[in-house]
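**Student:**
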Amino acid sequence: MTTDDSKNSESIGLDAALPKLEQNMERIQDLTTRLMAAVANKRKVPQDLQGPEPDLYARAGGALFQEMMQNPSKIIEQQVGYWGKTLQHFVDAQQALSKGNLEAPKDDTPTDRRFKNPLWQSHPYFNFLKQQYMLNAQAVDAAVSDMDGLDDADKRRMEYFSQQIVDMLSPTNFLATNPDALSKAVETEGDSLVRGLENMIADLEANDGELVVSLADKDAFTVGKNLAMTQGEVVFRNHMFELIQYAPTTEKVHETPLVIFPPWINKFYVLDLNEKNSLIKWAVEQGFTLFVVSWVNPDETYRDVGMTDYIEDGYLTAFETVREICGVKKVNAVGYCIAGTTLSLSLAVMKARGLDYVNSATLFTTLTDFSDRGEVGVFLNDDFVDGIEQEVLDAGFLDSFYMSRTFSYLRANDLIYQPAIRSYMLGETPPAFDLLYWNGDGTNLPGKMSIEYLRGLCQDDAFATTGFDVAGITAKLSDVDVPICAIACESDHIAAWKSSYRGVQKMSSKDKTFILSGSGHIAGIVNPPAKKKYGHWTNTDLSLSPEDWQEGAKAHEGSWWPMWSKWLAKKSGKKIDARTPGTATHPAIMPAPGSYVVGE
Numbered sequence: 000m001t002t003d004d005s006k007n008s009e010s011i012g013l014d015a016a017l018p019k020l021e022q023n024m025e026r027i028q029d030l031t032t033r034l035m036a037a038v039a040n041k042r043k044v045p046q047d048l049q050g051p052e053p054d055l056y057a058r059a060g061g062a063l064f065q066e067m068m069q070n071p072s073k074i075i076e077q078q079v080g081y082w083g084k085t086l087q088h089f090v091d092a093q094q095a096l097s098k099g100n101l102e103a104p105k106d107d108t109p110t111d112r113r114f115k116n117p118l119w120q121s122h123p124y125f126n127f128l129k130q131q132y133m134l135n136a137q138a139v140d141a142a143v144s145d146m147d148g149l150d151d152a153d154k155r156r157m158e159y160f161s162q163q164i165v166d167m168l169s170p171t172n173f174l175a176t177n178p179d180a181l182s183k184a185v186e187t188e189g190d191s192l193v194r195g196l197e198n199m200i201a202d203l204e205a206n207d208g209e210l211v212v213s214l215a216d217k218d219a220f221t222v223g224k225n226l227a228m229t230q231g232e233v234v235f236r237n238h239m240f241e242l243i244q245y246a247p248t249t250e251k252v253h254e255t256p257l258v259i260f261p262p263w264i265n266k267f268y269v270l271d272l273n274e275k276n277s278l279i280k281w282a283v284e285q286g287f288t289l290f291v292v293s294w295v296n297p298d299e300t301y302r303d304v305g306m307t308d309y310i311e312d313g314y315l316t317a318f319e320t321v322r323e324i325c326g327v328k329k330v331n332a333v334g335y336c337i338a339g340t341t342l343s344l345s346l347a348v349m350k351a352r353g354l355d356y357v358n359s360a361t362l363f364t365t366l367t368d369f370s371d372r373g374e375v376g377v378f379l380n381d382d383f384v385d386g387i388e389q390e391v392l393d394a395g396f397l398d399s400f401y402m403s404r405t406f407s408y409l410r411a412n413d414l415i416y417q418p419a420i421r422s423y424m425l426g427e428t429p430p431a432f433d434l435l436y437w438n439g440d441g442t443n444l445p446g447k448m449s450i451e452y453l454r455g456l457c458q459d460d461a462f463a464t465t466g467f468d469v470a471g472i473t474a475k476l477s478d479v480d481v482p483i484c485a486i487a488c489e490s491d492h493i494a495a496w497k498s499s500y501r502g503v504q505k506m507s508s509k510d511k512t513f514i515l516s517g518s519g520h521i522a523g524i525v526n527p528p529a530k531k532k533y534g535h536w537t538n539t540d541l542s543l544s545p546e547d548w549q550e551g552a553k554a555h556e557g558s559w560w561p562m563w564s565k566w567l568a569k570k571s572g573k574k575i576d577a578r579t580p581g582t583a584t585h586p587a588i589m590p591a592p593g594s595y596v597v598g599e
């Protein structure tokens, strides 16, 4: 090829690239205008909900200074080690690059799935960034671990918040230090970055100027069309909930009906995502007449709705309605998470009133003993709760944004940073994943109920100790005396299984079953038998400590659903002809999943 040919080729390539560059610049100009508008309309988040009180860091600084004074040689040794390794990493990387050797030096850092791109191991530049990041993370962890002057609660909070900073500063989270993002930008001639900017602005616009990354493609799902599809009818509605009765799929059903109370922090269709993993569909197929409560999504008009309202106008009303529809004296009940806590409170209230409505109760990932609040406990100190209290006093309710953000930061790498990398740096459309769609479809909490729950149950642990004042009585955990089956999840970061176990121990029920499922708060519950995943453990001796119970527990393969179904069948009476949804006094109002779940 001649010089002229080469110049002509370069000119043609440049001419072909210019229109695309111009298009991208026009898109960026439009996006910049949208970005400024979205940021200008940013919601005002109270300062108390932005982070822990400044005094926590002051106490941590004092504890670190105290450690330096008491153990100067230890601090010096750590610093010398840190700077020695830093210098060695730098020298190794420089030597490799200066020799034109793109093979990284030996890397003994732990395996971390954030760094799965081979360049993190093989290229000196990226390998240096990774090794230095890991070294910094270890240094921060060691510094916090050595703060012996902090009490246990402060130390747990410092461990959590320092880890948040470490996670945020990972080199994978920045364009200039992420090999996947850089490669994608080159391959797409910058299109991936423009698409990423579009995704980011769309998220800002959808969340009042707050950057909340979309976890799932919101256009891929519609509740009632490809989510929550099990056939049924809404047979009752009040200001608190809709009651759905599901259509039978068997000729005979158990006489005693089953009522499921899902948590009102999220929507009930996590139990009915699709036909392959629907607990609702599966329970109907086992021959149970199934009712499910679909809670209202409260607004400012629910300011004064408290725990008593959930019990009186929620649980007790649901029990009475189901008894009327089915013509029975008793029902079996299920409560999931906060709904299990409130089911337990309702059982205490019913005992005090002499109401024998419930034959058995099943508790999914339920806390009733809050003496150990687990990972969520870092958000349950007065600084955050004071901020929430002021927010609900002003707004009348706790916006779903705050709960969603809290739970996301408990798993920040999985629920914030990795999705943000895919969406904003790689320009990818969020996946069509039903569980993640549900995770983003949050609900608000009434103002009064939020504070009663956080102060009385979470902070004071009143239900398990002195008693929790609700519905005209002082409810105690020892008041719960119906047959209990509790399912907790081994890696649950919201309702720690050991705390759930301790709560069951304090109940007065003579018939108790405790099942420990593998996995976490959602996946451990939504675990259909056909998947043959995880596993579960049982031990009939509930007098043991959680650790001893687990050590002596019998392991079972797969889902706990069949074991629970057998337990429940024994509590559900004889078989009768299947019931169709509704009666003359409670006719069908509309098809499932109803209107409350879609915000109507």
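Residues 0 to 599 (numbering that gives the first Met the number 0) are what the sequence shown spells out, left to right. From the three backbone atoms N, C-alpha and C, an ideal C-beta is built for every residue, glycine too.
If you draw a straight line from the C-alpha of Val357 to the C-alpha of Lys531, how long is it?
**Tutor:** Your numbering for residue 357 matches position 358 in the sequence shown. Your numbering for residue 531 matches position 532 in the sequence shown. If I take the Cα positions, the gap works out to 32 Å.
**Student:** Hey, would you say Leu379 sits closer than 8 Å to Arg372, going by beta carbons?
**Tutor:** Numbered from its first residue, the sequence shown carries residue 379 at position 380. Numbered from its first residue, the sequence shown carries residue 372 at position 373. Their beta carbons are under 8 Å apart, which means Leu379 touches Arg372 by this criterion.
**Student:** Using beta-carbon positions only, say whether Leu270 and Pro261 come within less than 8 Å of one another.
**Tutor:** For the purposes of this step, residue 270 is identified with residue 271 of the sequence shown, where counting begins at 1. For the purposes of this step, residue 261 is identified with residue 262 of the sequence shown, where counting begins at 1. A contact, by the Cβ cut-off of 8 Å.
**Student:** Using 8 Å as the cut-off, can you tell me whether the stretch 490-497 makes contact with the stretch 519-526, which would need three or more C-beta pairs spanning the two stretches below that distance?
**Tutor:** The stretch 490-497 is in contact with the stretch 519-526.
**Student:** Among Glu209, Gln131, Met306 and Ala419, which one has its Cα closest to the Cα of Asp468?
**Tutor:** Locating residue 468 in the sequence shown gives position 469, counting from the first residue. With distances taken between Cα atoms, Asp468 lies closest to Met306.
**Student:** Measure the alpha-carbon distance for Asn23 versus Arg421 and round it to whole angstroms.
**Tutor:** In the sequence shown, the residue the question calls residue 23 occupies position 24. In the sequence shown, the residue the question calls residue 421 occupies position 422. Those two C-alpha atoms are separated by around 20 Å.
**Student:** Which residues share a DSSP beta bridge with Ile472?
**Tutor:** To locate residue 472, count along the sequence shown from 1; it is residue 473. Bridge partners of Ile472: Val469.
**Student:** Whole-angstrom Cβ separation of Ser121 and Val139, contact assumed at under 8 Å?
**Tutor:** Start at 1 with the first residue of the sequence shown, and residue 121 comes out as number 122. Start at 1 with the first residue of the sequence shown, and residue 139 comes out as number 140. Their Cβ separation, rounded to whole angstroms, is 27 Å, which puts Ser121 and Val139 out of contact at 8 Å.
**Student:** Taking Leu444 and Phe396 to be in contact with their CB atoms under 8 Å, please state how far apart those CB atoms are, rounded to whole angstroms.
**Tutor:** Start at 1 with the first residue of the sequence shown, and residue 444 comes out as number 445. Start at 1 with the first residue of the sequence shown, and residue 396 comes out as number 397. About 6 Å separates the two Cβ atoms, so the contact holds.
**Student:** With a cut-off of 8 Å, do at least 3 Cβ pairs link the stretch 289-306 to the stretch 543-550?
**Tutor:** No, they do not touch.
**Student:** Assign Asn126 to buried or exposed, taking buried as 16 or more other Cβ atoms, counted over all protein chains shown, within 10 Å of its Cβ.
**Tutor:** By 1-based counting over the sequence shown, the position of residue 126 is 127. Flag for Asn126 reads buried.
**Student:** Decide if the stretch 239-247 is in contact with the stretch 274-288; the criterion is three or more beta carbon pairs, one per stretch, under 8 Å apart.
**Tutor:** With the cut-off at 8 Å, the stretch 239-247 and the stretch 274-288 touch.
**Student:** On the DSSP bridge assignment, give the partners of Thr361 in chain order.
**Tutor:** Start at 1 with the first residue of the sequence shown, and residue 361 comes out as number 362. Thr361 is bridged to Val333 and Cys484.
**Student:** Does DSSP classify Lys511 as helix, strand or coil?
**Tutor:** For this step, residue 511 is matched to residue 512 along the sequence shown. Three-state result, Lys511: strand.
**Student:** Going by beta carbon distance, what residues of the same chain come within less than 8 Å of Val525, once the five residues before and after it are set aside?
**Tutor:** For this step, residue 525 is matched to residue 526 along the sequence shown. For Val525, where only same-chain residues beyond five positions count, the Cβ hits under 8 Å are Val269, Leu270, Leu272, Asn276, Leu278 and Leu434.
**Student:** Buried or exposed, going by whether 16 or more other CB atoms sit within 10 Å of the CB of Gly326?
**Tutor:** Locating residue 326 in the sequence shown gives position 327, where the first residue counts as 1. Exposed is the call here.
**Student:** Which one of His535, Ala463 and Asn412 has the shortest CA to CA distance from Asp111?
**Tutor:** Here residue 111 corresponds to residue number 112 of the sequence shown, with the count starting at 1. The candidate whose alpha carbon is nearest that of Asp111 is Asn412.
**Student:** Would Val321 and Phe290 qualify as a contact pair, given that the criterion is a beta-carbon distance under 8 Å?
**Tutor:** Here residue 321 corresponds to residue number 322 of the sequence shown, with the count starting at 1. Here residue 290 corresponds to residue number 291 of the sequence shown, with the count starting at 1. Yes, the Cβ-Cβ distance between Val321 and Phe290 is below 8 Å.
**Student:** With burial defined as no fewer than 16 other Cβ atoms inside 10 Å of the residue's Cβ, what is the status of Glu660: buried or exposed?
**Tutor:** With the chain covering only 0 through 599, there is no way to say anything about residue 660.
**Student:** Could you give the distance in angstroms between the alpha-carbon of Met506 and the alpha-carbon of Thr367?
**Tutor:** Reading the sequence shown from its first residue, position 507 is the one you call residue 506. Reading the sequence shown from its first residue, position 368 is the one you call residue 367. About 10 Å.
**Student:** Which class does Tyr356 belong to by DSSP, given the choice of helix, strand or coil?
**Tutor:** Counting from 1 along the sequence shown, the entry for residue 356 is found at position 357. If DSSP states are grouped into helix, strand and coil, Tyr356 belongs with coil.
**Student:** Which residues bound the beta strand (DSSP E) around Lys574?
**Tutor:** Taking the sequence shown and counting its residues from 1, one reaches residue 574 at position 575. Its beta strand (DSSP E) spans residues Lys574 to Asp576.
**Student:** Roughly how many whole angstroms lie between the Cα atoms of Thr465 and Thr512?
**Tutor:** Translated into the one-based positions of the sequence shown, residue 465 becomes position 466. Translated into the one-based positions of the sequence shown, residue 512 becomes position 513. Cα-Cα distance, rounded: 25 Å.
**Student:** Buried or exposed: Met349, going by 16 or more other Cβ atoms within 10 Å of its Cβ?
**Tutor:** In the sequence shown, residue 349 corresponds to position 350, counting from 1. It counts as buried.
**Student:** For Val481 and Ser499, which I take to be in contact (beta-carbon distance under 8 Å), what is that distance rounded to the nearest angstrom?
**Tutor:** The count along the sequence shown starts at 1 and reaches residue 481 at position 482. The count along the sequence shown starts at 1 and reaches residue 499 at position 500. No, Val481 and Ser499 are not in contact; Cβ-Cβ is about 17 Å, not under 8 Å.
**Student:** Please report the straight-line C-alpha distance between Ser10 and Val185, rounded to a whole angstrom.
**Tutor:** For the purposes of this step, residue 10 is taken as the residue at position 11 of the sequence shown. For the purposes of this step, residue 185 is taken as the residue at position 186 of the sequence shown. At Ser10 the pLDDT is 49, less than 50, meaning the model places this residue with poor confidence; the figure from the coordinates comes in the next sentence. Their Cα atoms are separated by approximately 20 Å.
**Student:** Tell me the start and end of each unbroken alpha helix (DSSP H) in the stretch 256-303 that is at least 4 residues and wholly inside, in chain order.
**Tutor:** Counting only runs of 4 or more, we get 278-284.
**Student:** Per DSSP, what kind of secondary structure is Glu232 in: helix, strand or coil?
**Tutor:** Indexing the sequence shown from 1 puts residue 232 at position 233. DSSP places Glu232 in strand when its eight states are reduced to three.
**Student:** Give the DSSP-derived three-state secondary structure of Ala591 in the structure shown.
**Tutor:** Here residue 591 refers to the residue found at position 592 of the sequence shown. Three-state result, Ala591: coil.
**Student:** Can you give me the start and stop residues for the alpha helix (DSSP H) that Gln244 sits inside?
**Tutor:** Sequence index remark: in the sequence shown, residue 244 carries index 245 (1-based). Element bounds for Gln244: not the alpha helix (DSSP H) but the beta strand (DSSP E), Phe240 to Tyr245.
**Student:** Take Asp381 as the anchor and find which of Phe400, Asp459 and Ala431 has the nearest alpha-carbon.
**Tutor:** For the purposes of this step, residue 381 is taken as residue 382 along the sequence shown, with counting starting at 1. When only C-alpha atoms are compared, the closest one is Asp459.
**Student:** Between which residues of its own chain and Asn40 is the CB-CB distance below 8 Å, once the five residues before and five after are set aside?
**Tutor:** Working through the sequence shown from its first residue, we reach residue 40 at position 41. Hits under 8 Å: Asp207 and Gly208.
**Student:** Between the Cα of Val212 and those of Leu346, Glu427, Ser144 and Cys484, spot the shortest distance and give me the residue it belongs to.
**Tutor:** Counting from one through the sequence shown, the residue named residue 212 turns up at place 213. With distances taken between Cα atoms, Val212 lies closest to Glu427.
**Student:** Could you check the C-alpha separation between Met0 and Pro109 for me, to the nearest Å?
**Tutor:** Working through the sequence shown from its first residue, we reach residue 0 at position 1. Working through the sequence shown from its first residue, we reach residue 109 at position 110. Note on Met0: pLDDT 49, under 50, position unreliable in the model; the coordinate value appears next. Rounded to whole angstroms, Met0 to Pro109 spans 51 Å at the Cα level.
**Student:** How long is the line joining the alpha carbons of Ser97 and Asp179, rounded to whole angstroms?
**Tutor:** Your numbering for residue 97 matches position 98 in the sequence shown. Your numbering for residue 179 matches position 180 in the sequence shown. One C-alpha to the other measures close to 24 Å.
**Student:** Mind checking Leu476: buried by the 16 CB within 10 Å criterion, or exposed?
**Tutor:** Indexing the sequence shown from 1 puts residue 476 at position 477. Buried, because 16 or more other Cβ atoms sit within 10 Å of the Cβ of Leu476.
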